[in-house]
Amino acid sequence: MTPLSRRRALTLAGVGAAGLSLAADRGLIGKSDEIPFLGQYQAGIVTPAQDRLHFVALDVTTRDRDRLIKLLKDWTAAAARMTAGRDAGEIGAVAGIPEAPPDDTGEALGLPPAHLTITIGFGPALFDRFGLSAQRPAALEELPRFTGDTLDAALSGGDIAIQACADDPQVAVHAVRNLIRIGMGAVSVRWSQLGFGRTSSTSTGQATPRNLFGFKDGTRNLKAEETDALRDHLWVQPGDGPEWLTGGSYLVTRKIRMLIETWDRSSLTEQETIVGRYKGSGAPLGTSGEFDEVDFDSVGADGQPLLPATSHVRLAHPDTNSGARMLRRGYNFVDGSDGLGRLNAGLFFIAYQRDPRTAFIPVQRSLAARDEMNEYLRHVSSALFACPPGLSGPEDYWGRALFG
Amino acid sequence: MRTTHRLFALATAGVLGASLTACGSDSATTETDGGGPITVSATDTGCEVATTTVNAGTSVFAISNKGQKVTEFYVYAAGDRVMAEVENIAPGLSRNLHVELPAGTYETACKPGMIGKGIRGPLTVEGSAAPLTDDAALLAATESYQRYVKSQTAALLEKTTEFVQAVKDGKIDEAKALFPVARTYWERIEPVAEIFGDLDPRIDGREEVTEEGLTFGGFHRIEKDLWETKDISKSGPIADQLLTDVKEIVTKANAEKLSPLQLANGAKALLDEVASGKITGEEDRYSHTDLWDFNANIEGSKAAIASLRPVLEERDPELVKTLDTEFANVDTALSAHRSGDGWKLHTDLTEADLKTLSDAINALAEPISKVAAVVSGK
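Chains as they are written, first to last, in this note's numbering: chain A, 1 to 404; chain B, 1 to 378.
Structure, rendered in structure tokens:
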């Protein structure tokens, strides 16, 4: 049957009381809350960062290459439907026969697309199977251990990553839940993460948000409008590695627990000294505006640099990392509380880059060794994925160039 | 029994109702006039069913919970035999219930707060709409499964009798050895047992689901006496009652006419049992013999699918292939935990072992959930 959009399905279902759903439908008209699924690059990278995240890392359990390819095709079709505000399956949540379980779980009925993007990446271990060793890019190596890492193996790595971002958490969760369901028997969930409150802006049109330390985060992020910088720092270029990844990007995730109770007891001066920015304006220390250039050189009356040598901004800045830049796209998380009554909270760090060996890895080495902020951080999860380029048309599917 | 799972009773809860509620009030009447769902307005004190007479065949009830308590809705045949039920309807929500009813007299019931006898009302089913069993292959399927039920109930009665005797004789070791064996026959056909209302919780209820005012009895009470209290000197009356209840359910199960749809839903319900109770070790929390039950549930599910096989081969051979593969994968994953004639204890399995089993069950349960639609022929 013709696939129905969720809005249309709701209208049909509400026979005799269509007024209300029609009103909701009208409310959507003229609102461009749908992000195109097809394109040169995968959506969900330079797309203006949405407010909510549901991220899942999966292990591939099947050894049948054809089954994996079929899953990638099924996923692609479902993702195309869901990002357009439609049900995951062709029939939908309520249009099927009574005896069958619906092919969509239904919790997004009546909700708009909410800027949903679904982005896929492939982890290093996948390439050792399915005869893909030759297709594995040299840069797709497990990340090295960094000083201070307290990683939980069960929360790290994975063969396939799916990042769903939307402005409505229910829409993001719906997307991941349905993709997991479609994958049963071929993949198994390894770990997953919910996030709220984007901690970076990926477009000049977005204001810089704050992380759970209360500071503006991602002021100097790579932005969608910086075409040249995106080419140099974000997208894998021809000749960088295997051809299937050209137009793609490397995705690093780090779940970083923040010890917020002790942070909250530190003085404003200490907090600003550690970050290297003023808490209110977000301006680098020694300057007055958020977007002012970082002043590495000025010294105060005491002869000390206004921007301390161990501040986060200084250590992470491209100028102290051979020009390394990344597109950060992280989210805050609060996973309830721990056994001691402390909030289990922090930053789910997400960064896309052209090559982790010249971006995340050197920057994190520098931070891990000297960043004063480490006193308040625990890195508990780590993963690296290679995200293929965008899909060319309806017949294309995730990973076609890799498996094809 | 697990918690309050009785999926075997043809229950299909839809989400269509949720949007109806969200959209307003008049839609339900319109649909009833057009032969659509029968609306049920459930409150904390009332249970208004739009009609008390329906035609034989499949009926759809659209239950709206307008009360403050979580509610359930049941269709009972004589003797409180559950024909269909929908559980856990939260305040403000609506759910649909599909049930295949032959001509006869029934009762409807809302259960605000999910306890007690509920608020009852009469329901008359008129005529003789042709049930699915008119199809010869489907008839053969139900007859085949009925034979399976008969064989299992015979063994259940025999082994339960031995178990009860051992308990009454104070033979702890013998009783412990017989406990998982007797349960195997129970677990294979549990969805059939669940049709008969209160009998299932009496035989297989766990302590936390024992209703207020009732005594915690049945298999799991004796399990607790054997493994935790380590005192069965006072377990005699409990054991006698267990045997009485088992005898009753065996008689009823053997007399029960099952529909093909019940077989399909039962095959799935057995996997739900595994996923929600056996994987977690909740079922046999004192003895940790969950893997016996796990295996028995899988065998029972396989038996129901086997009875339906000719029908499925005819209508959806691809699905049969998938089921064969996934049943084999579950068997492989489970066989790693064999121990002698039985199984390892749940407590001897690692988290990774359980994840592997859980993945295998999920992989099987998804295709099995499609069987009912194939059987219904739509």
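Backbone N, C-alpha and C fix where the C-beta goes; we use that ideal spot for every residue, glycine too.
Residue closest to G236 of chain B, alpha-carbon to alpha-carbon, out of B:K252, B:R206, B:E248 and B:F219 | Along the second sequence, read from residue 1 onward, the residue named residue 236 of chain B stands at position 236. Answer by Cα proximity: B:F219.
Going along the chain, which residues of its own chain have a beta-carbon closer than 6 Å to the beta-carbon of H346 of chain B, five neighbours each way excluded?
-> Within the second sequence, the letter at position 346 stands for residue 346 of chain B. Counting only Cβ-Cβ distances below 6 Å, and skipping sequence neighbours, we find G281, H288 and D290.
Give every residue of the same chain whose Cβ lies closer than 6 Å to the Cβ of D371 of chain A, excluding the five residues on either side of it in the sequence, and list them in chain order.
-> Counting from 1 along the first sequence, the entry for residue 371 of chain A is found at position 371. If we look at D371 of chain A and ignore the five residues flanking it on each side, its Cβ neighbours are H312 and L315.
CA-CA distance, P48 of chain A and A224 of chain A?
-> Stepping through the first sequence from its first residue, residue 48 of chain A is reached at position 48. Stepping through the first sequence from its first residue, residue 224 of chain A is reached at position 224. P48 of chain A and A224 of chain A: Cα-Cα distance of roughly 8 Å.
Could you spell out the range, first to last residue, of the beta strand (DSSP E) harbouring A77 of chain B?
-> Your numbering for residue 77 of chain B matches position 77 in the second sequence. Its beta strand (DSSP E) spans residues T71 to A77.
From this set, B:H337, B:N329, B:A175 and B:T350, which residue's C-alpha is nearest I361 of chain B's C-alpha?
-> To locate residue 361 of chain B, count along the second sequence from 1; it is residue 361. Closest by alpha carbon: B:N329.
Burial state of R338 of chain B (16 or more Cβ within 10 Å) | Taking the second sequence and counting its residues from 1, the one referred to as residue 338 of chain B is at position 338. Exposed, since its Cβ has fewer than 16 Cβ neighbours within 10 Å.
What does a CB cutoff of less than 6 Å around G96 of chain A pick up in its chain, not counting 5 residues either side in sequence?
-> By 1-based counting over the first sequence, the position of residue 96 of chain A is 96. Closer than 6 Å at Cβ, skipping near neighbours: P102.
Of all the CB atoms in chain A, is at least one closer than 7 Å to the CB of E282 of chain B?
-> Residue numbering aside, residue 282 of chain B sits at position 282 when the second sequence is read from its first letter. Cβ-Cβ to chain A under 7 Å: no for E282 of chain B.
Determine, using beta carbons only, whether D359 of chain B comes closer than 7 Å to chain A.
-> If you number the second sequence from 1, residue 359 of chain B lands on position 359. So yes, D359 of chain B belongs to the interface.
Could you tell me whether the stretch 379-394 of chain A touches the stretch 151-158 of chain A, using the rule of 3 or more Cβ pairs below 8 Å?
-> yes
Does S259 of chain B get closer than 7 Å to chain A when you measure Cβ to Cβ?
-> Residue numbering aside, residue 259 of chain B sits at position 259 when the second sequence is read from its first letter. Chain A, which has no Cβ nearer than 7 Å to the Cβ of S259 of chain B, makes this no.
Residue nearest to L349 of chain B in terms of C-alpha spacing, selected from B:G340, B:D341, B:L334 and B:A363 | On the second sequence, residue 349 of chain B is found 349 positions in, with the first residue counted as 1. The shortest C-alpha separation from L349 of chain B is found at B:L334.
Is any beta-carbon of chain B found at less than 7 Å from that of A413 of chain A?
-> With chain A running from 1 to 404 in the structure shown, residue 413 of chain A is simply not present.
With contact counted as at least three CB pairs below 8 Å, one residue from each stretch, are the stretch 33-41 of chain A and the stretch 99-114 of chain A in contact?
-> yes
Beta-carbon separation of G121 of chain A and A77 of chain A under 7 Å?
-> Taking the first residue of the first sequence as position 1, residue 121 of chain A is located at position 121. Taking the first residue of the first sequence as position 1, residue 77 of chain A is located at position 77. The answer is no: Cβ separation not under 7 Å.
Partners in chain A for A373 of chain B, counting only beta-carbon separations shorter than 7 Å | The count along the second sequence starts at 1 and reaches residue 373 of chain B at position 373. Result: I97, E99 and A100.
Report, in whole angstroms, the separation of the C-beta atoms of L222 of chain A and V236 of chain A, which I expect to be a contact under 8 Å.
-> Counting from one through the first sequence, the residue named residue 222 of chain A turns up at place 222. Counting from one through the first sequence, the residue named residue 236 of chain A turns up at place 236. Actually they do not touch by this definition, with Cβ atoms about 14 Å apart.
When DSSP labels each residue in this structure, what does M184 of chain A get in the three-state scheme?
-> Translated into the one-based positions of the first sequence, residue 184 of chain A becomes position 184. Strand, per DSSP.
Report the residue from B:L258, B:T251 and B:I195 whose alpha carbon sits nearest the alpha carbon of L138 of chain B.
-> Your numbering for residue 138 of chain B matches position 138 in the second sequence. Selected option, being the one with the closest Cα: B:L258.
Contact under 7 Å by Cβ, P260 of chain B with T332 of chain B = Translated into the one-based positions of the second sequence, residue 260 of chain B becomes position 260. Translated into the one-based positions of the second sequence, residue 332 of chain B becomes position 332. In this structure, T332 of chain B does not lie closer than 7 Å to P260 of chain B by Cβ.
Go through the stretch 149-185 of chain A residue by residue and report every complete run of the alpha helix (DSSP H) that reaches 4 residues or more, in order.
-> 169-183
Exposed unless 16 or more other CB atoms sit within 10 angstroms - verdict on F348 of chain A | Position 348 of the first sequence, counted from the start, is the residue given in the question as residue 348 of chain A. The residue is buried, with at least 16 neighbouring Cβ atoms inside 10 Å.
Should P37 of chain B be labelled buried (16 or more other beta-carbon atoms within 10 Å of its own) or exposed?
-> Your numbering for residue 37 of chain B matches position 37 in the second sequence. Buried, because 16 or more other Cβ atoms sit within 10 Å of the Cβ of P37 of chain B.
G346 of chain A - partner residues in DSSP beta bridges = Stepping through the first sequence from its first residue, residue 346 of chain A is reached at position 346. In the DSSP output, where bridge partners are listed per residue, G346 of chain A has A:R257 and A:F333.
With S392 of chain A as the anchor, note down where its beta strand (DSSP E) starts and where it stops.
-> Counted from its first residue, the first sequence places residue 392 of chain A at position 392. Run containing S392 of chain A: none; DSSP gives neither H nor E here.
Cross-strand partners of W191 of chain A (DSSP beta bridge) | Taking the first residue of the first sequence as position 1, residue 191 of chain A is located at position 191. Per DSSP, A:A57.
Note the first and the last residue of the continuous alpha helix (DSSP H) segment covering G57 of chain B.
-> The sequence position of residue 57 of chain B within the second sequence is 57, counting from 1. Note, G57 of chain B: premise wrong, no alpha helix (DSSP H); beta strand (DSSP E) at G57 to N65.
Buried or exposed for D284 of chain B, please, with buried defined as at least 16 other CB atoms from any protein chain shown within 10 angstroms of its CB.
-> Here residue 284 of chain B refers to the residue found at position 284 of the second sequence. So D284 of chain B ends up on the buried side.
Three-state secondary structure (DSSP) of G236 of chain B | Start at 1 with the first residue of the second sequence, and residue 236 of chain B comes out as number 236. Correct three-state label for G236 of chain B: helix.
Members of the stretch 187-214 of chain A that neighbour chain B once the beta carbon cut-off is set at 7 Å | S188
Output yes or no for whether 7 Å exceeds the beta carbon distance between V99 of chain B and I63 of chain B.
-> Residue 99 of chain B sits at position 99 when you count from the first residue of the second sequence. Residue 63 of chain B sits at position 63 when you count from the first residue of the second sequence. Taking 7 Å as the Cβ cut-off, V99 of chain B and I63 of chain B do not qualify as a contacting pair.
Do E126 of chain B and Y76 of chain B have their C-beta atoms within less than 7 Å of each other?
-> Numbered from its first residue, the second sequence carries residue 126 of chain B at position 126. Numbered from its first residue, the second sequence carries residue 76 of chain B at position 76. No, the pair does not count as a contact, with Cβ atoms beyond the cut-off.
Kindly indicate if chain B contains any beta-carbon less than 7 Å away from that of G92 of chain A.
-> For the purposes of this step, residue 92 of chain A is taken as the residue at position 92 of the first sequence. No, G92 of chain A does not count as interfacial toward chain B.
Just checking, does the stretch 66-83 of chain A make contact with the stretch 386-397 of chain A on the three C-beta pairs under 8 Å criterion?
-> yes
Contacting residues, own chain, Cβ-Cβ under 6 Å from Q253 of chain A (five flanking each side not counted) = Translated into positions along the first sequence, residue 253 of chain A becomes position 253. Checking the sequence, you will find Thr at residue 253 of chain A rather than Gln. Closer than 6 Å at Cβ, skipping near neighbours: I350 and A383.
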